[in-house]
Ligand code: NOJ
């Protein structure tokens, strides 16, 4: 694993909504460059930028029409190159978002692939061999051209599936992974990676990394594909960081990814912590972190204790933490996020408690995700400092509440969420045990009870983390002798008599 990932703390930037420097209502690369100092001051040393390539923006850029060209709304390839350089000067690494599973309908590969005459791109996507046959369980596009077949889609209907082949071939139109069509697709994707890595990007967050090879129930074909990518990267770009959107670290790490994400859907229990009716981090104290811990342990065991599962504060696909959680609850949630293994990911605006906005009309395929993608609130100037465009031209409307949080206010207040996060990142950076590769052992994560406690370790260093977001005192059995309090929020835990007693609404990191 590249060394820089050991202590990476990421800041996710949804470029549309971060900072607009040319007053068109949409964020841009120059805006990101302008705010690099802000990101660094918060303590983050890496950024992930959502797809910023040419696209009709039917799914906010996850429908690429040219993998080699920056979307003009954000600037040029030169601007992006400048961004890499400026970030590196501040010791910030930059991940781009690679979308290898599908393109937009407008990609020239797809336009060629739609033609009935055979050509170089005929097999670039997954097509059945007659219009009446659909590609099994996947949705498909039919009668969109004179090509006599149905084309599989990988996610939304505007995202035709690129062809990396079938692990188990069962139909005449399905191709094995080593057929020329699937091979050419993979080589094309390697070229895309080469292009941006040569320009200075530091790696990729890989969209739907688990989705490439079809009819692959145990993901063996997809793992083998990524292993081939690993060999290519080891040879040409050993410092490139690779983080999978997969949600099964045993598989993604076997495929050569450095880290995976804890996904909000599926069996992860991520939502139990922050986004259900009674989240664990709510002060009502009716939550349950046991399912999360059990799932987490399961993957720790399956990955030989590597635990490189990144837990995001949220992302462009989820509701924000606020307003579901508020005030100290948010601080508690970040004490957790910033003391877990894997690299933490802070979604832009979460560090100031920006709120998810309910009921917005969908923008660019956002649907219910739109409320988590509203423009950053920087200060008290026009459009909260996001853009000088007229309000109606903003990419998505902003939070209109009089008390909407801003970076300016949060930075001026030592007791703000922003400052709590700064302190937490600083503690993490000072202790290897708290970083990506440190071990973790849950010591208390029981059903419907508080607190949550775990020990992080690296070499000789062991740190006990105790989180009690509830408004009630709590206790758990254990014989710990704290040598030093490294971080504390609220009252101090009391150790002795075979138990640890934890004050209401408190969090502490103790060297043991
Ligand atoms: C996952 C991305 O995070 C999401 O925003 C997108 O819609 C789908 N993949 C499809 O690319």
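Residue numbers (the working numbering): 5 to 516.
Even for Gly, the Cβ is constructed at its ideal location relative to N, Cα and C.
The beta strand (DSSP E) runs of length 3 or more contained entirely in the region 189-267 are, from start to end of the chain, 207-210, 245-248 and 263-265. Inter-segment contact for the region 10-28 and the region 341-349 is present: three or more beta-carbon pairs are separated by less than 8 Å.
Here the distance from the Cβ of residue 18 to the nearest heavy atom of ligand 1 is not below 7 Å. In the structure shown, the three-state DSSP call for residue 28 is coil.
Residue side-chain check: residue 384 keeps its Cβ at 7 Å or more from all non-hydrogen atoms of ligand 1. The beta carbon of residue 168 is closer than 7 Å to those of 181, 186, 189, 190, 216, 217 and 229 in its chain, skipping five residues each way along the sequence. Here residue 48 is not near residue 390, since their CB atoms are 8 Å or more apart. In terms of Cα proximity to residue 386, the closest of 377, 376, 398 and 334 is 398. Distance from the CA of residue 365 to the CA of residue 401, rounded to the nearest whole angstrom, comes to 10 Å. Burial check for residue 498: the Cβ neighbour count within 10 Å stays below 16, so the residue is exposed. For residue 512, the enclosing beta strand (DSSP E) covers residues 510-515. Runs of alpha helix (DSSP H) with 4 or more residues, each lying fully within the region 36-120, are found at 40-46, 81-93 and 112-117, listed in chain order. Nearest to residue 35 by C-alpha distance, out of 21, 45 and 54, is 21. The residue from 424, 156, 131 and 108 with its alpha-carbon nearest to that of residue 338 is 424. Residue 383 and residue 410 have their C-alpha atoms spaced approximately 5 Å apart. In this structure residue 377 does not touch residue 354 by the C-beta definition: roughly 12 Å separates them, more than the 8 Å allowed. Straight-line measurement puts the Cα of residue 33 at about 9 Å from the Cα of residue 77. Distances from the CB of residue 124 to the heavy atoms of ligand 1 are all 7 Å or more. Distance between residue 233 and residue 264, taken at the CA atoms: about 16 Å.
Distance from the CA atom of residue 479 to the CA atom of residue 360, rounded to whole angstroms, is 34 Å.
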